[in-house]
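Residue numbers (my numbering): -6 to 107. Take a look at the structure below.
Shown next as structure tokens:
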């Protein structure tokens, strides 16, 4: 079992920045991929970015150049630096890790509004 605790969401104006963090605990030795997904009101959950244990990254087209994903394998944490935020980035952001199974965090709200 893996437990995930997210932090860093909040309210920010358009053009602003936020940094999300997620700490994994439990059976973390087999974690390969870590990442972030988001879900806007009335929409399906969608991929934002993922990062492998070796540092390989994958981004959704709508965040390329604005968001950066990083991880600390020693601390088993994953971060999402979000810059140039837009109103359409509003939603609940979920941390995800993949081992033998897929685990999700509880979600953290990000609201981009003036």
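In this text, a Cβ means the ideal position worked out from N, Cα and C, and glycines have one as well.
- According to the DSSP secondary-structure assignment, residue 60 is paired through a beta bridge with 75.
- Contact check for residue 37 and residue 60: beta-carbon distance about 19 Å, past the 8 Å limit, so the pair fails to qualify.
- The Cβ atoms of residue 20 and residue -5 sit closer than 9 Å to each other.
- Counting the other Cβ atoms within 10 Å of the Cβ of residue 50 gives fewer than 16, which makes it exposed.
- Taking the C-beta atoms as reference points, residue 14 is found no nearer than 9 Å to residue 77.
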